[in-house]
């Protein structure tokens, strides 16, 4: 898997040094999901993370008695699966392809293991993940304001 | 500039405050609480306007409100106004039917700098009913598309049911000479598009920040968030324009009701650069 070509579109890959990128390449592969296919289910083991290269992934909240509700969509360059970086390493949401979607899959177990021995890499990775989480928190706060109702 | 006293006496001032009679000739329900009305002058006069300008809309016996023009600037015979019912007067406007008579005066205010943006990339970001004042910009730009660089429109709405101008959204999306992305805050099972805040669409559209003019319209918090994100991406604040409304009454910079800091928004705005308004948008209750 050659990640070099995706470097510009992904914040995580942009930050990595060439050596780190080589390691990420060694624990990654490409995958394809057809429209509607499930990437992961809520509660399942979060042992991978993903970067969308083409298409769209919807994060869904599911509950008995109601249709699945898409709470956020993620597109090309976006990181999917931040739960894999934090205990208890379980998915918080269901993720489903909302159209035919190509992704890079990374082995999170291997990345976590490498982060345990390489603290510089750990800081780099967690820095990017923290920024992503802050961006999503910020977006959620704006959505909670329900701004468009009163305009 | 004439003194207030001389303005009070001037015939042109009185003329500017006098509405002309218009009739509703079309009515399209955009959403349960929002309609687009087509209006024609009873004396057949055309109303040339610039994208972003507004009219004072008088419902007889109820009151007057400022409403942006949402039609194609090339079609000056029929004015379109897209109105959401949020108060007594706007509810009366939304309730108007074909054949009803209203008073209009205008157009007023400073609109979007479309001509000045020629030769640059253009980023249009709309939220909610903020798409209505930007719709004439899109019409105007597409009518002379070759004069602009990359053209991108991003649009955020509350839910799929709250999207305005749905037919046009499909048309814009199918064009090869512009990028158009839409997102909603809350989805339902009918929606297969994006969900999330409008700033999440920025990485999906291409623009060169060093030569981009951005035009933003929507709730003020939304404009602030988009302006900050666009600034982070390298667009200069003086090239970011926002449309801000206040309590416009006279619409000619006379009564002062719409004062926002150092500007009367009816006369100096509603469209102003973010470099001028950004600080004011951080002042509570201004």
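Residue numbers (this note's numbering), protein chains in the order written: chain A, 78 to 228; chain B, 4 to 289.
Just so it is clear, CB atoms sit at the ideal spot from N, CA and C, and this is done for glycine as well.
Taking residue 183 (chain B) as reference, the option from B:206, B:191 and B:190 with the minimal CA-CA separation is B:206. For the C-beta of residue 149 (chain A), the chain B residues within less than 7 angstroms are, from N- to C-terminus, 198 and 199.
Proximity of residue 188 (chain B) to chain A, defined by a Cβ-Cβ separation below 8 angstroms, is satisfied.
For a Cβ distance threshold of 8 angstroms, residue set 175 and 176 of chain A lies close to residue 195 (chain B), ordered along the chain. The straight-line gap separating the alpha-carbon atoms of residue 129 (chain A) and residue 171 (chain A) is approximately 16 angstroms. Residues of the region 158-176 of chain B with a Cβ closer than 8 angstroms to any Cβ of chain A, in chain order: 159, 160, 161 and 165. The criterion of a C-beta distance shorter than 8 angstroms is satisfied by residue 261 (chain B) and residue 268 (chain B).
The continuous stretches of alpha helix (DSSP H) do not include residue 185 (chain B), which lies in the beta strand (DSSP E) extending over residues 182-187. The Cβ of residue 121 (chain B) sits no closer than 8 angstroms to any Cβ of chain A. In this structure residue 147 (chain A) is in contact with residue 135 (chain A), their Cβ atoms being roughly 4 angstroms apart against a cut-off of 8 angstroms. Counting of Cβ neighbours within 10 angstroms places residue 13 (chain B) among the exposed residues, the total staying below 16. In its chain, beyond the 5 residues on either side, 157, 184 and 186 have a beta carbon closer than 6 angstroms to the beta carbon of residue 204 (chain B). By the beta-carbon neighbour count (other beta carbons within 10 angstroms, threshold 16), residue 274 (chain B) is buried. Counting along the chain, the unbroken beta strand (DSSP E) around residue 155 (chain B) starts and ends at 154-160.
Interface flag for residue 144 (chain A) against chain B is set, since a Cβ pair is found closer than 8 angstroms. Of all C-beta pairs linking the region 121-136 of chain B to the region 206-226 of chain B, three or more are shorter than 8 angstroms, placing the two stretches in contact.
When the five nearest sequence neighbours on each side are left out, no beta carbon in the same chain lies closer than 6 angstroms to the beta carbon of residue 146 (chain B). CA-CA distance, residue 164 (chain A) to residue 108 (chain A), rounds to 25 angstroms. For residue 86 (chain B), the enclosing beta strand (DSSP E) has its first and last residue at 82-87.
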